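Enquirer: Take 4 as the starting number for the sequence shown in this note's numbering and just add one per residue. Glycine included, every Cβ here is placed at the ideal spot set by N, Cα and C. Please read these numbers as outputs of a predicted model, since none were measured by experiment.
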Amino acid sequence: MFLIISGNPKTDGLCHSVTEAVQRGAAEAGENVQTLTVAALERCHVCGNGWGKCLTEHACAFGGDGYDEAVEFVRKADKICIITPVYWGEMAEGLKSFFDRLRRCENVIRGSGALAGKPVLLIASPGGSGNGALSCLEQMERFCRHTGAVIFDYISVNRWNQDYKRESAYAAAKAIAGGRKAGETLQTE
Ligand SMILES: Cc1cc2nc3c(=O)[nH]c(=O)nc-3n(C[C@H](O)[C@H](O)[C@H](O)COP(=O)(O)O)c2cc1C
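1) Would you check if the distance between the CB atom of L125 and the CB atom of E144 is smaller than 9 Å?
2) If I measure Cβ to Cβ from K13 and keep anything under 7 Å in the same chain, skipping five residues before and after, which residues do I get?
3) Taking Cβ to Cβ, would you say L44 is nearer than 9 Å to A24?
4) Considering A127, what are the terminal residues of the beta strand (DSSP E) in which it resides?
5) Pick out whichever of C139, C50, H149 has its Cα sitting closest to the Cα of N161.
6) Kindly identify the DSSP beta-bridge partner or partners of V36.
7) Quickly, what does DSSP pair K82 with across the bridge? List them, please.
8) Might you give, ordered along the chain, the residues of its own chain that have their beta carbon closer than 8 Å to the beta carbon of D71, omitting 5 neighbours on each side?
9) Kindly list the residues whose CB is nearer than 7 Å to the CB of R78, restricted to its own chain and excluding five residues on each side of it in sequence; keep chain order.
10) Would you say the beta carbon of K79 is closer than 8 Å to some non-hydrogen atom of ligand 1?
11) Have a look at I154 and N52 and give me their C-alpha separation to the nearest angstrom.
12) Could you tell me the distance, in whole angstroms, from the CA atom of A175 to the CA atom of F102?
13) Alpha carbon to alpha carbon, how far is A32 from G181?
14) Mapping the DSSP letters down to three states, classify E45 as helix, strand or coil.
15) Keeping to the same chain, check which residues put their C-beta closer than 6 Å to that of A30; ignore five residues upstream and five downstream.
16) Measure from the alpha carbon of G5 to the alpha carbon of each residue in N11, L17, G28, then state which is nearest.
17) Check whether the Cβ atoms of V21 and A152 lie closer than 9 Å to each other.
18) When we look at the beta-carbon of K177 and count the other beta-carbons within 10 Å, is it buried (16 or more) or exposed?
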């Protein structure tokens, strides 16, 4: 299953259109495509002195808000795209909340976590000034390092490059869904 983890709270606009392109690309390669939107998850409660059940039991004490379900979904995925609008040069708050909690739960089990070893496509969509794409992608990259995900590619799409960058997102999703691995050398055309 190809899973799109989205931090986008909107159901129209630039980021949504890129999400649709990713869905199309992965589906055309024959994948079962699912989309998980985590725009409304609660933030980490920072239990105890900084650690809670996340450290000892690898679970969140407040997982009933949709967090547990979201992690199960991610666990079932084989290939992943993480997509977010850029807010303040960072990923959207709901996505950050999900990742804050997940990386805590996987702190000492990162080799067997929900994203470990899986190819991940990172997409940031800065729709305003266009600033903050790099810092947002860097933030997502750090999360992947913390969870053992294998980054396949980094794409940013803004208002004035969306025609050709949306196509890149489509093509990248199709390549991952078709089984291409990060590090594979393609024949030069
Ligand atoms: C709170 C907030 C902060 C934002 N910060 C940025 C930013 O730092 N850089 C940028 O280019 N756009 C910024 N934007 C615009 C969004 O990136 C834009 O709405 C989204 O990425 C893509 O457009 P869409 O809303 O049509 O999907 C911000 C939007 C909001 C709501």
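Expert: This is what the structure gives:
1) yes
2) H19
3) no
4) 122-128
5) C139
6) F5
7) F5
8) A62, C63
9) A117
10) no
11) 32 Å
12) 23 Å
13) 5 Å
14) coil
15) V36
16) Here residue 5 turns out to be Phe, not Gly, going by the sequence shown. For F5, the nearest C-alpha among the options comes from G28.
17) no
18) buried
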